[in-house]
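Engineer: As you go down the protein sequences, you meet chains H and Z in turn. Heads up, the first sequence is in my numbering, so the first residue is 670 and it goes up one at a time. Heads up, the second sequence is in my numbering, so the first residue is 670 and it goes up one at a time. Where a beta carbon is used, it is the ideal one built from N, C-alpha and C, also for glycine.
Protein chains: 2
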Amino acid sequence: MNTVIRVWSGSQVTRDSAPAPDRAMQPLTRPHIVAAGLRLLEREGAAGLSMRKLAGELGRAPAAVYRHISNKRELLSLLFDEVSRQIVVPDAGGDPRTVVLEAAQSAHRTMEEHGWIAAGMLDGELPGAASLRLAEFILDVLVRNGMSDVQAARLYVALWQFLVGHLVAAAGVPGCPSPGPVARPGDGDGDCPTVRRVAPLIERMSDQERFTTGLRLLLDGAFAEPRAPRAGTAAEEEVPVSRPAPGAAE
Amino acid sequence: MNTVIRVWSGSQVTRDSAPAPDRAMQPLTRPHIVAAGLRLLEREGAAGLSMRKLAGELGRAPAAVYRHISNKRELLSLLFDEVSRQIVVPDAGGDPRTVVLEAAQSAHRTMEEHGWIAAGMLDGELPGAASLRLAEFILDVLVRNGMSDVQAARLYVALWQFLVGHLVAAAGVPGCPSPGPVARPGDGDGDCPTVRRVAPLIERMSDQERFTTGLRLLLDGAFAEPRAPRAGTAAEEEVPVSRPAPGAAE
DNA sequence: ACCTGAACACCGTTCAAGT
DNA sequence: ACCTGAACACCGTTCAAGT
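(1) Can you find a CB in chain H that lies within less than 8 Å of the CB of His835 (chain Z)?
(2) With three or more C-beta pairs closer than 8 Å as the rule, is the segment 705–723 of chain Z touching the segment 758–773 of chain Z?
(3) So, for Gly706 (chain Z): in the same chain, excluding its five sequence neighbours on each side, which residues have a beta-carbon less than 7 Å away from its beta-carbon?
(4) When you compare only the Cα positions, how much space is there between Ser847 (chain Z) and Glu878 (chain Z)?
(5) Taking only runs of the alpha helix (DSSP H) that begin and end inside the segment 682–744 of chain H, which ones reach a length of at least 4 residues, in chain order?
(6) So, at 6 Å on beta carbons, what are the nonlocal neighbours of Arg896 (chain Z) in its own chain, with the 5 sequence-adjacent residues on each side left out?
(7) Just to confirm, are Asp876 (chain Z) and Arg866 (chain H) a CB contact at a threshold of 8 Å?
(8) Any beta carbon from chain H within less than 8 Å of Arg699 (chain Z)'s own beta carbon?
(9) Quick check on Gly844 (chain Z) - is its C-beta less than 8 Å from some C-beta in chain H?
(10) Between Ala822 (chain Z) and Leu887 (chain Z), is the Cβ-Cβ spacing less than 8 Å?
(11) Please report whether the beta-carbon of Trp829 (chain Z) lies at a distance below 8 Å from any beta-carbon of chain H.
(12) Check whether the segment 774–793 of chain H touches the segment 728–738 of chain H, counting contact only when three or more Cβ pairs, one atom from each stretch, lie closer than 8 Å.
(13) Using DSSP with H/G/I as helix, E/B as strand and the rest coil, what is Pro759 (chain H)?
(14) If Gln830 (chain H) and Phe806 (chain Z) are in contact, beta carbons under 8 Å, what's the gap, nearest whole angstrom?
(15) List, in chain order, every chain Z residue whose beta-carbon is nearer than 9 Å to that of Asp809 (chain H).
(16) Using only the alpha-carbon positions, how far apart do Phe880 (chain H) and Met694 (chain Z) sit?
(17) In chain H, which residues lie with their C-beta within 7 Å of the C-beta of Val826 (chain Z)?
(18) Helix or strand or just coil, what does DSSP make of Glu771 (chain Z)?
(19) Check whether the Cβ atoms of Ala838 (chain Z) and Val833 (chain H) lie closer than 8 Å to each other.
(20) Taking Cβ positions only, does Leu801 (chain H) come closer than 8 Å to chain Z?
(21) For Thr698 (chain Z), which option in Z:Arg721, Z:Ala715, Z:Ala716, Z:Ala733 has the closest C-alpha, if you only look at C-alpha atoms?
(22) At a Cβ cut of 8 Å, what residues of the segment 746–773 of chain H count as close to chain Z, listed as they run along the chain?
(23) First and last residue of the alpha helix (DSSP H) that includes Glu805 (chain H)?
(24) Alpha carbon to alpha carbon, how far is Gly952 (chain Z) from Leu884 (chain Z)?
(25) By DSSP, does Arg873 (chain H) sit in helix, in strand, or in coil?
(26) Rounded to a whole number of angstroms, what is the C-alpha to C-alpha distance between Gly763 (chain H) and Asp809 (chain H)?
(27) Taking Cβ positions only, does Ala776 (chain H) come closer than 8 Å to chain Z?
(28) Helix, strand or coil: how does DSSP classify Asp860 (chain Z) here?
(29) Does the Cβ-Cβ distance between Ala804 (chain Z) and Leu836 (chain Z) come in under 8 Å?
(30) Please report how far the alpha carbon of Arg729 (chain H) lies from the alpha carbon of Gly725 (chain Z), in whole angstroms.
(31) Can you tell me whether Thr882 (chain H) is buried or exposed? The criterion is at least 16 other CB atoms within 10 Å of its CB, across all chains shown.
(32) Buried or exposed: where does Gly868 (chain Z) fall if 16 or more other Cβ atoms within 10 Å of its Cβ makes it buried?
(33) Under a three-way DSSP split, which group does Ser746 (chain Z) fall into?
(34) By DSSP, does Glu894 (chain H) sit in helix, in strand, or in coil?
(35) Just checking: is the beta-carbon of Gly714 (chain H) within a distance shorter than 8 Å of some beta-carbon in chain Z?
Below you can see the structure in the form of structure tokens.
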């Protein structure tokens, strides 16, 4: 197994030790606000985060927060950044397939701890500065191991979309643990024999499995493509301007 | 190219022709409500759907809706069902990889038309009865072509999660078209040379490409695994790692 | 059975006014 | 510069009361 190193230089906010229990009348700062937001999310979940409650948590009037943050979206963006800063990536050496798999799993683990992220994805401009480091790491490993920029871009986009989808699907209804991708065949819906047979297998899959098996398929697919044998500078084929897919009616 | 057939028996609600312009005092029905909901979504987008506006659209008091529907989640569920009913699947014959690809693309196309779906994913129990038909179709094709139930289940879950992730990532901030998986390297964030180089490639990818290339990777990965030889008919050759033309795929 | 009016307990955000 | 009080324009949902 690879040594685990931290890719970030240290978080300015820790969830457990708030900057201070909001004493006397120290003026608010963004770190105060971010910390309070994380506390609120941890305590009440995604639905519990409101600008008003946040202000309450900080002991101020709701309007006070707006002196330091322009709206709720910016708040979500800051919170997401704080979480992505905690993503840990493996050592870059070794089999690239394994390294990328571990990096993705690490991102998955970190974000999964924060169920609200899935909900935040939809109205925050979440892919912020901190997640750049993860992108840099993955793209760099791929390219350094012979993928063209285009191949790396494609795989990275696919990985990201898959991660987002997994988080959203796993979060599902805020309360329920995981509705899964298929509902149980109900009464009125013509019989779906295959679904009926396979559904239990799906329901039995753990969250980890749902993520990792898909991840493996993506990586298998990507690494099955021919790559350049060696590379320091992987300038290769130029992107051939996407043509419409051969058999696809689109 | 495959003949396109409808897998559903007909929608009881059409978006364009509402059941009636809400005349005199016909009692409300669920189809009325679903139709009004779709009208509202089309006109005002995901953020424009509220129980109060829905009631307004129907010419009733807000409370009236609750006689027919128990809450907003159920409404979203019904709306999602109505949309999934419109998914068209290809003919089941032919290369399974292509058939599944086309089915997924079809689902993508249908859901993409309804940007609100991504938002609804998070607080509706969306995978309802209608999407069972799609699941049945895909699982059936996979198993009929030699995949084990477990293999089929895994690929299906991966496809679903990827679709969800794509929709959410593509929907992004309600207003903005597509923030994409990486933000532009900003000022303060240490230089990320690879991201800086690759980001333009990612931004240049169309929505279709972002979906289809990932889909292909998943299918490549899944069909690279050994499967049982027999299918319904004759020699289904052991797939020797499908290779899409190097960089010239698409 | 179906609907209305009015209310309850919330939202995000703005803005004049205070210190 | 930073904060408060009060307001604006909304939410989802409930419930007694009407017909």
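Structural biologist: Taking the geometry as given:
(1) Taking the second sequence and counting its residues from 1, the one referred to as residue 835 (chain Z) is at position 166. Yes, His835 (chain Z) counts as interfacial toward chain H.
(2) Under the three-pair Cβ rule at 8 Å, the segment 758–773 of chain Z does not count as touching the segment 705–723 of chain Z.
(3) Position 37 of the second sequence, counted from the start, is the residue given in the question as residue 706 (chain Z). Leu718, Leu723, Leu744, Leu748.
(4) Residue numbering aside, residue 847 (chain Z) sits at position 178 when the second sequence is read from its first letter. Residue numbering aside, residue 878 (chain Z) sits at position 209 when the second sequence is read from its first letter. Bear in mind that the predicted position of Ser847 (chain Z) carries a pLDDT of just 35, short of 50, making it unreliable; the figure below should be weighed with that in mind. In a straight line, the C-alpha of Ser847 (chain Z) is about 13 Å away from that of Glu878 (chain Z).
(5) Counting only runs of 4 or more, we get 699–713, 720–727, 731–734.
(6) The residue you call residue 896 (chain Z) lines up with position 227 of the second sequence. For Arg896 (chain Z), where only same-chain residues beyond five positions count, the Cβ hits under 6 Å are Gly815, Met816.
(7) For the purposes of this step, residue 876 (chain Z) is taken as residue 207 along the second sequence, with counting starting at 1. For the purposes of this step, residue 866 (chain H) is taken as residue 197 along the first sequence, with counting starting at 1. Taking 8 Å as the Cβ cut-off, Asp876 (chain Z) and Arg866 (chain H) do not qualify as a contacting pair.
(8) Looking up residue 699 (chain Z) in the second sequence gives position 30. At least 8 Å separates the CB of Arg699 (chain Z) from every CB of chain H.
(9) For this step, residue 844 (chain Z) is matched to residue 175 along the second sequence. The predicted position of Gly844 (chain Z) is uncertain, since its pLDDT is 31 and thus under 50; no value can be drawn from it.
(10) Start at 1 with the first residue of the second sequence, and residue 822 (chain Z) comes out as number 153. Start at 1 with the first residue of the second sequence, and residue 887 (chain Z) comes out as number 218. Not a contact, by the Cβ cut-off of 8 Å.
(11) Taking the first residue of the second sequence as position 1, residue 829 (chain Z) is located at position 160. Yes - at least one Cβ of chain H is within 8 Å of the one on Trp829 (chain Z).
(12) Counting Cβ pairs under 8 Å, fewer than three are found: no touch.
(13) Against the first sequence, residue 759 (chain H) aligns to sequence position 90. Under the three-state reduction of DSSP output, Pro759 (chain H) falls in the strand class.
(14) Working through the first sequence from its first residue, we reach residue 830 (chain H) at position 161. Working through the second sequence from its first residue, we reach residue 806 (chain Z) at position 137. With 8 Å as the limit, Gln830 (chain H) and Phe806 (chain Z) do not qualify as a contact, their Cβ atoms being about 22 Å apart.
(15) Within the first sequence, the letter at position 140 stands for residue 809 (chain H). Residues of chain Z with a Cβ closer than 9 Å to the Cβ of Asp809 (chain H) are, in chain order, Cys861, Pro862, Thr863, Val864.
(16) Within the first sequence, the letter at position 211 stands for residue 880 (chain H). Within the second sequence, the letter at position 25 stands for residue 694 (chain Z). Distance between the alpha carbons of Phe880 (chain H) and Met694 (chain Z): 51 Å.
(17) Counting from 1 along the second sequence, the entry for residue 826 (chain Z) is found at position 157. By Cβ distance, chain H contributes Pro850, Ile871, Met874, Arg879, Gly883.
(18) As a working note, residue 771 (chain Z) is residue 102 in the second sequence. Note: Glu771 (chain Z) maps to helix in three-state DSSP.
(19) For the purposes of this step, residue 838 (chain Z) is taken as the residue at position 169 of the second sequence. For the purposes of this step, residue 833 (chain H) is taken as the residue at position 164 of the first sequence. For Ala838 (chain Z) and Val833 (chain H), yes; Cβs fall inside 8 Å.
(20) In the first sequence, counting from the first residue as 1, residue 801 (chain H) sits at position 132. With 8 Å as the cut-off, Leu801 (chain H) counts as an interface residue toward chain Z.
(21) Translated into positions along the second sequence, residue 698 (chain Z) becomes position 29. Selected option, being the one with the closest Cα: Z:Ala733.
(22) Interface annotation for the segment 746–773 of chain H against chain Z: empty, criterion Cβ-Cβ distance under 8 Å.
(23) For the purposes of this step, residue 805 (chain H) is taken as the residue at position 136 of the first sequence. DSSP places Glu805 (chain H) inside the alpha helix (DSSP H), whose first and last residues are 800–813.
(24) No statement about residue 952 (chain Z) is possible, as the shown extent of chain Z runs from 670 to 919 and does not include it.
(25) Locating residue 873 (chain H) in the first sequence gives position 204, counting from the first residue. The answer is helix: DSSP assigns Arg873 (chain H) an H, G or I state.
(26) What you label residue 763 (chain H) is simply residue 94 of the first sequence in a count that begins at 1. What you label residue 809 (chain H) is simply residue 140 of the first sequence in a count that begins at 1. Looking at the two C-alpha atoms, the distance is approximately 13 Å.
(27) As a working mapping, residue 776 (chain H) is identified with position 107 in the first sequence. Cβ-Cβ to chain Z under 8 Å: no for Ala776 (chain H).
(28) Indexing the second sequence from 1 puts residue 860 (chain Z) at position 191. Here Asp860 (chain Z) carries a coil assignment [DSSP, helix/strand/coil].
(29) Taking the first residue of the second sequence as 1, we reach residue 804 (chain Z) at position 135. Taking the first residue of the second sequence as 1, we reach residue 836 (chain Z) at position 167. No, Cβ-Cβ distance for Ala804 (chain Z) and Leu836 (chain Z) is not below 8 Å.
(30) Position 60 of the first sequence, counted from the first residue, corresponds to residue 729 (chain H). Position 56 of the second sequence, counted from the first residue, corresponds to residue 725 (chain Z). The alpha-carbon atoms of Arg729 (chain H) and Gly725 (chain Z) are separated by roughly 37 Å.
(31) The sequence position of residue 882 (chain H) within the first sequence is 213, counting from 1. With at least 16 other beta carbons inside 10 angstroms of its own, Thr882 (chain H) counts as buried.
(32) Taking the second sequence and counting its residues from 1, one reaches residue 868 (chain Z) at position 199. Rather than Gly, the amino acid found at residue 868 (chain Z) in this sequence is Ala. By the neighbour-count definition (other C-beta atoms within 10 Å, threshold 16), Ala868 (chain Z) is a buried residue.
(33) For the purposes of this step, residue 746 (chain Z) is taken as residue 77 along the second sequence, with counting starting at 1. Ser746 (chain Z): helix per DSSP, three-state reduction.
(34) Counting from one through the first sequence, the residue named residue 894 (chain H) turns up at place 225. Glu894 (chain H): coil per DSSP, three-state reduction.
(35) On the first sequence, residue 714 (chain H) is found 45 positions in, with the first residue counted as 1. Not one chain Z Cβ lies under 8 Å of Gly714 (chain H).
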